[in-house]
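Written out below as structure tokens is the structure these notes cover.
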Amino acid sequence: MITELTPAQTAKFAYYREKWLEIGLSTEPITLSAARPIIDNLYTKLLDIPKPEFVVILDSPLAAWLAAVVFCDVEDWRQVRRQVDEQVRQVKRQVRQQVRQQVRQVEQVRQLVRQVGQQVEQVRRQVDEQVWQQVEQVRRQVEQVGQQVWQVERQVKRQVGQQVGQQVEQVRRQVDEQVRQQVEQVGQQVWQVERQVKRQVRQQVGQQVEQQVWQVGQQVWRQVEQVRQLVRQVKRQVRQQVDEQVWSFVWPYCDGQFTAPFFAFMDYLFSEVIECECEMWPVYLKTSQLSLIYSLPHIAVLAQKPTGIHFANNILHSSTGPVVEYADGFSVWCLNGTRVPQWLVEKSVAELNPLDILALDNAQQRAEGVRKIGVERLWHKCCQKILDKNDKYELGLIPVGRTGELRPYLRMQNPSVPELWHVEGVHPACETIQQALNYRRYGNSKSQTNWNPKLIT
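Going by our numbering, the first residue of the sequence shown is number 78, and it counts up by one from there.
So, in structure tokens, the structure goes:
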């Protein structure tokens with residue numbers, strides 16, 4: 078039994094480390110001619126199934142996964158599609174019925190409006206007829222008065238001649254004035270009657286129409302809201318069914334080059350320490366020359382290797398672009414080994430909004446965002462309220478997460494480097510600097526022992 082490695086065996090560590098780092102981080106493209114024999118051996122010798130009819134190589138893991146989703150268990154997907162189609166048809170039928178009901182209601186309102194319009198027109202004709210009759214009657218009266226005046230005037234002129242001409246002219250003016258006043262009074266009465274009738278019609282008809290239309294509007298809105306809720310429910314059900322189908326085969330059967338840590342250990346073990354008696358090992362080891370492999374019936378779906386991988390100080394990091402790139406544009410962005418959104422990497426410090434950084438759900442991503450823009454800018458841009466303050470500390474409220482919940486943070490001055498400040502989250506119950514310090518030291522903001530550190534810990 079082997080209890081320890083010899084110096085010659087330990088000397089081989091560096092060789093196998095470098096060998097498998099190169100394999101695991103390889104960006105050399107995979108060719109179909111090189112992949113086909115590896116896949117055939119994987120199927121026939123390791124999986125003990127017939128070799129696939131087709132081998133496809135796609136540009137990225139995302140493209141390969143989507144292809145696997147399409148090819149894997151097609152019948153289940155057809156069933157899901159049938160269920161989705163049936164639910165969509167049900168929604169369409171319900172929507173059609175609701176629309177028909179709304180159309181009927183709108184048609185009823187239109188009929189009511191037409192009836193009201195007919196009533197208004199009838200009333201208008203009656204009012205016009207009455208006004209015209211009254212005006213015609215007044216006109217006849219005026220004509221009769223005029224004829225009477227003209228007869229009186231002619232008789233008086235014949236009787237008194239020129240001596241009483243002035244008196245006749247005066248009488249005529251008085252009669253004209255009286256007639257004019259009578260005509261004006263009748264006209265005002267007619268206008269008042271017409272205005273009163275129109276006001277009554279407008280009040281009665283307008284209120285009825287407004288009430289009916291408002292009711293229809295409310296009913297339409299309720300139906301629309303019901304349809305919208307139904308659509309949301311169908312979407313949730315469909316999404317749940319699709320997720321159940323998809324997540325059953327998310328992971329590939331073989332990780333290829335990304336299994337390099339395991340291959341490195343086993344390769345060293347079988348090459349330098351013990352003899353391998355497993356006939357399947359060489360077949361499995363060959364898959365390290367490929368990338369992700371979906372070994373489906375009749376077809377094998379492979380993901381192409383990355384076109385670029387970027388490190389800084391032996392960790393995935395790039396402050397200008399993605400750290401892992403693929404030919405079809407699929408990429409991964411990292412800052413100091415933490416996967417972050419694309420905008421956090423590619424936007425400049427001046428373009429970044431500190432509130433967008435605090436809205437990130439992942440605490441490590443928020444930390445990288447703060448590291449990029451600086452604590453001082455974060456504090457001055459995001460601190461909503463100062464709860465407590467002295468020469469060395471500030472306790473303020475900062476919005477965190479998507480909901481923007483205000484949480485207390487302690488801003489501390491570094492005793493060794495006075496121009497350097499730190500910001501650290503404390504318990505939500507902390508309302509004073511002393512409570513925040515006690516929480517940092519004892520894990521309890523209500524501690525009876527006050528802590529006054531001399532150094533930032």
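Heads up, the beta-carbon is just placed ideally off N, CA and C, and yes, glycines get one too.
C-alpha distance - residue i paired with residue j, whole-angstrom precision
{"i": "Leu437", "j": "Pro476", "result": "11 Å"}
{"i": "Gln167", "j": "Leu464", "result": "56 Å"}
{"i": "Arg217", "j": "Gln207", "result": "15 Å"}
{"i": "Ile376", "j": "Ala144", "result": "10 Å"}
{"i": "Lys424", "j": "Leu379", "result": "34 Å"}
{"i": "Glu99", "j": "His504", "result": "46 Å"}
{"i": "Trp209", "j": "Arg202", "result": "10 Å"}
{"i": "Ser137", "j": "Ile392", "result": "22 Å"}
{"i": "Ile386", "j": "Thr336", "result": "16 Å"}
{"i": "Thr480", "j": "Cys459", "result": "14 Å"}
{"i": "Gly194", "j": "Arg181", "result": "20 Å"}
{"i": "Gly502", "j": "Ala513", "result": "9 Å"}
{"i": "Leu474", "j": "Glu482", "result": "9 Å"}
{"i": "Glu184", "j": "Gln199", "result": "22 Å"}
{"i": "Thr364", "j": "Phe339", "result": "12 Å"}
{"i": "Val447", "j": "Ile434", "result": "7 Å"}
{"i": "Pro54", "j": "Arg517", "result": "Residue 54 is absent from the structure shown; the chain starts at 78 and stops at 534."}
{"i": "Tyr120", "j": "Pro114", "result": "10 Å"}
{"i": "Asn521", "j": "Asn515", "result": "6 Å"}
{"i": "Glu36", "j": "Arg443", "result": "Since the first residue of the chain shown is 78 and the last is 534, residue 36 is not available in this structure."}
{"i": "Arg177", "j": "Gln171", "result": "10 Å"}
{"i": "Asp344", "j": "Pro84", "result": "18 Å"}
{"i": "Gly101", "j": "Val360", "result": "17 Å"}
{"i": "Met357", "j": "Glu453", "result": "59 Å"}
{"i": "Thr384", "j": "His394", "result": "16 Å"}
{"i": "Gln314", "j": "Glu163", "result": "12 Å"}
{"i": "Ile79", "j": "Lys96", "result": "25 Å"}
{"i": "Gln310", "j": "Val146", "result": "24 Å"}
{"i": "Tyr519", "j": "Tyr486", "result": "17 Å"}
{"i": "Asn40", "j": "Ile351", "result": "The question about residue 40 has no answer, for the chain in this structure spans 78 to 534."}
{"i": "Gln188", "j": "Glu213", "result": "37 Å"}
{"i": "Asn491", "j": "Gln441", "result": "23 Å"}
{"i": "Val132", "j": "Trp142", "result": "14 Å"}
{"i": "Arg537", "j": "Gly478", "result": "Outside the displayed span of the chain (78 to 534) sits residue 537, for which this structure offers no information."}
{"i": "Lys122", "j": "Ser103", "result": "26 Å"}
{"i": "Cys353", "j": "Arg484", "result": "58 Å"}
{"i": "Lys89", "j": "Cys355", "result": "23 Å"}
{"i": "Ser493", "j": "Gln461", "result": "28 Å"}
Where residue i falls, given that 16 or more other Cβ within 10 Å makes a residue buried
{"i": "Gly333", "result": "buried"}
{"i": "Thr108", "result": "exposed"}
{"i": "Asn439", "result": "exposed"}
{"i": "Trp420", "result": "exposed"}
{"i": "Cys331", "result": "buried"}
{"i": "Glu445", "result": "buried"}
{"i": "Met489", "result": "buried"}
{"i": "Phe148", "result": "buried"}
{"i": "Leu82", "result": "exposed"}
{"i": "Ala91", "result": "exposed"}
{"i": "Thr415", "result": "buried"}
{"i": "Leu346", "result": "exposed"}
{"i": "Pro399", "result": "buried"}
{"i": "Leu497", "result": "exposed"}
{"i": "Ser396", "result": "exposed"}
{"i": "Ser368", "result": "buried"}
{"i": "Ile450", "result": "buried"}
Proximity test, Cβ basis, 9 Å: residue i and chain B
{"i": "Phe407", "result": "The structure shown contains no chain B; it is built from a single protein chain."}
Whole-Å CB distance - residue i paired with residue j, under 8 Å assumed
{"i": "Ile134", "j": "Gln381", "result": "6 Å"}
{"i": "Leu412", "j": "Val422", "result": "6 Å"}
{"i": "Glu349", "j": "Gln86", "result": "5 Å"}
{"i": "Trp456", "j": "Val409", "result": "Not confirmed; about 31 Å, so no contact."}
{"i": "Ala341", "j": "Arg94", "result": "7 Å"}
{"i": "Ala111", "j": "Gln366", "result": "7 Å"}
Contact between the stretch 116-135 and the stretch 368-382 (3+ Cβ pairs under 8 Å): Three or more Cβ pairs closer than 8 Å define a contact, and the stretch 116-135 meets that threshold against the stretch 368-382.
Does the stretch 398-411 come close enough to the stretch 427-442 to have 3 or more Cβ pairs within less than 8 Å? For the pair of segments examined, the stretch 398-411 was found not to touch the stretch 427-442: the number of CB pairs separated by less than 8 Å stays below three.
Within 8 Å, do at least three Cβ pairs link the stretch 504-515 to the stretch 454-470? In this structure the stretch 454-470 lies against the stretch 504-515, because at least three pairs of beta carbons, one per stretch, are closer than 8 Å.
Taking only runs that begin and end inside the stretch 419-503, name each unbroken beta strand (DSSP E) of 3 or more residues, in chain order. Listed in chain order, the complete beta strand (DSSP E) runs (minimum 3 residues) inside the stretch 419-503 are 462-466, 470-477, 482-490 and 498-502.
List in chain order: all unbroken alpha helix (DSSP H) runs of 4+ residues lying wholly within the stretch 86-119. Complete alpha helix (DSSP H) runs here, min 4: 90-101 and 109-118.
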